[in-house]
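Visitor:
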Amino acid sequence: MAHNGACRLCGASDFEVVQREALDLAGVGATALSYGVCLSCALLQQIDSASPEQRERHYRFFASDSGPAGNATPVGTPAPHTQRMMEMLREYLPAARSVFEIGAAAGHALYCLREAGYRVGGCDPSRLAAQQAAHVFGIEVLPAGLADALPHMAGFDALYLSHLLEHLTEPLAALKLIRGAVKRGTGLVLEVPCAVAPEDLPPGWFTFEHVSYFTEATLTRALGRAGFRVLHTRVRRGVFLYPVIAAVAIAHDAEEPSASDAERASAIAFARAVAARDAAIWAETARRLDRLEGPVVVWGAGVHSSQLLAHATGPWQDALIGFVDRDSQKWGARLGRHFIQPPKIITPDATGPSIVISSFASETQIAADLAALGVPESRIVRLYDGREIAKAA
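So our numbering is basically just the index in the sequence shown, starting at one, shifted up by 699.
1) Quick one: what does DSSP say Q1028 is sitting in, helix, strand or coil?
2) Taking the Cβ atom as the reference point for each residue, do A805 and V835 lie within a distance shorter than 8 Å?
3) At the level of alpha carbons, what is the spacing between T914 and L724?
4) Can you grab the Cα-Cα spacing for the pair A749 / E962, in whole Å?
5) Could you give the distance in angstroms between the alpha-carbon of A808 and the alpha-carbon of A778?
6) Smallest Cα separation from V1074: which of V1055, G1031, L1082, A1060?
7) Looking at the strands, I want to know which residues DSSP matches up with I1056.
8) Quick check: what's the CA-CA separation for L1072 versus P1047?
9) Considering R928, what are the terminal residues of the beta strand (DSSP E) in which it resides?
10) Check the C-beta distance from Y941 over to P901 and give it rounded, since I have them as a contact under 8 Å.
11) Give me the DSSP bridge partner(s) of A1071.
12) What is the DSSP secondary structure of P942, counted as helix, strand or coil?
13) What span of residues does the alpha helix (DSSP H) with F969 cover, start to end?
14) Just mark S797 as buried or exposed, buried being the case when its beta carbon has 16 or more other beta carbons within 10 Å.
15) According to DSSP, is S712 part of a helix, a strand, or is it coil?
16) Sort I1020, V996, D713, L732 by Cα distance to L722 and report the nearest one.
17) For A964, which residues of its own chain have a beta-carbon under 6 Å away from its beta-carbon, when the five flanking residues on both sides are left out?
18) Closer than 8 Å is the cut-off here; do at least three beta carbon pairs connect the stretch 870–880 with the stretch 930–944?
19) If you measure from the beta carbon of H866 to each beta carbon in chain D, is any gap under 8 Å?
20) So, are the CB atoms of G886 and L841 less than 8 Å apart?
21) In angstroms with no decimal places, state the Cα-to-Cα distance between T919 and V929.
22) What's the C-alpha gap between R789 and H909?
23) Have a look at R1033, F927, A916, F1059 and flag the residue whose alpha-carbon is nearest the alpha-carbon of T984.
24) Leaving out the 5 sequence neighbours to the left and right, which residues in its chain are closer than 6 Å to S1053 when beta-carbon positions are compared?
25) Are the stretch 1032–1047 and the stretch 736–743 in contact at 8 Å, needing three or more beta carbon pairs?
26) What is the DSSP secondary structure of D723, reduced to helix, strand or coil?
27) Can you give the Cα-Cα distance for R1025 and G1001, rounded to whole angstroms?
28) Shortest alpha-carbon distance to V895 belongs to which of T730, E715, R971, G704?
29) Applying the 10 Å Cβ sphere with the 16-neighbour rule, what's the burial state of G769?
30) According to DSSP, simplified to helix, strand and coil, what is C737?
31) Provide the residue span of the alpha helix (DSSP H) that contains I877, from first to last.
32) Are I944 and V891 touching if we call contact CB-CB under 8 Å?
33) How about F1022 and G1031: are their beta carbons less than 8 Å apart?
34) When DSSP labels each residue in this structure, what does T1063 get in the three-state scheme?
35) Determine the contact status of P824 and Y758, defining contact as a CB-CB distance below 8 Å.
36) Quick one: grab the DSSP three-state call for R818.
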């Protein structure tokens, strides 16, 4: 299927479209998205995307990774993704003594790197996250996007991007900007979701937040075109919600590698499998929700809930009376026809509305939190129940 837009990696205009969706996003509004494979370079990507203004609003106000207000504390053990990337930093860039993180959020990874002896710096577009990094970890995170942060990167031995590149609307352009800001030989360590093994993927893997979906080959090509020589890539399954690929590279000369016919065919087959599996999961989810009796409240007002409304359609939505979310930045914003409210509206009454947990990643923890509030088990609705639905699909 052809599309008039340009590929985010090679600039070509022919795509195989595998999925379309129309989402209503909290505080952002309605947006139409489509996903498909470039028939030239084989990159799986969003084709139709949200507007730049919508994406900026989402990330500045509704997707800042700052943690529950006041709850973030320094921890001695790095998060698993930070551990993975620190291992690669030590193994492949042993001379590096300073690290700048692009997309540093509240500074958790930078804190761990500093504790390991590195001089650190970073940037993040969320002012709230930057404030928390300073308050909790004593780390200066610039409240800035990539372009404004470029001058601050030059004095560091290595750059660190953890699950950032897939969010950027122009990943190749961003990598070229980064390459232009650092000297030859500067290291780059990054990790992104990996487009492999559809059976390992959660529902809604094609998502508003992820613009590009890389394989080892497409990630290597993107880095090469930008002027980074890849030293090592590593795909891991079973260590996160989905497979991930990590890469270590150094600033070098630009290259122009191309994709094979076999790679393009494989990418299309993978994308079709993901779309089919997604449709099966959402259909089963809708059937389960339609069996609920009485009013329904959805816990969680993120992108997953927007996907739930768009894809798990059915009578249950007529019984929906609202959304609850812990993030105070979302309170008062609309998701669909409902306002988002704070958790304090949830009462432990035995006869209250069913509470549907809309989170694949945090379902178990949210259920435990609800139980701790005294909400009876009969009112708590887990969509994935140990992820049997996802596995069965």
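Every residue, glycine too, gets a C-beta built ideally from N, C-alpha and C.
Since we're looking at a predicted model, the values are computed, not measured.
Guide: Looking at the coordinates:
1) coil
2) yes
3) 28 Å
4) 28 Å
5) 8 Å
6) V1055
7) W998, R1081
8) 7 Å
9) 927–935
10) 6 Å
11) The partner list for A1071 (beta bridge, DSSP) is empty, contrary to what the question assumes.
12) coil
13) 960–989
14) exposed
15) coil
16) L732
17) none
18) no
19) Absent from the structure is chain D; it holds one protein chain and no more.
20) no
21) 7 Å
22) 28 Å
23) F1059
24) L991, V995, R1078, V1080
25) no
26) strand
27) 11 Å
28) R971
29) Note that G769 scores a pLDDT of 39, beneath 50, so its modelled location is shaky and nothing firm can be said.
30) strand
31) 870–880
32) yes
33) no
34) helix
35) yes
36) strand
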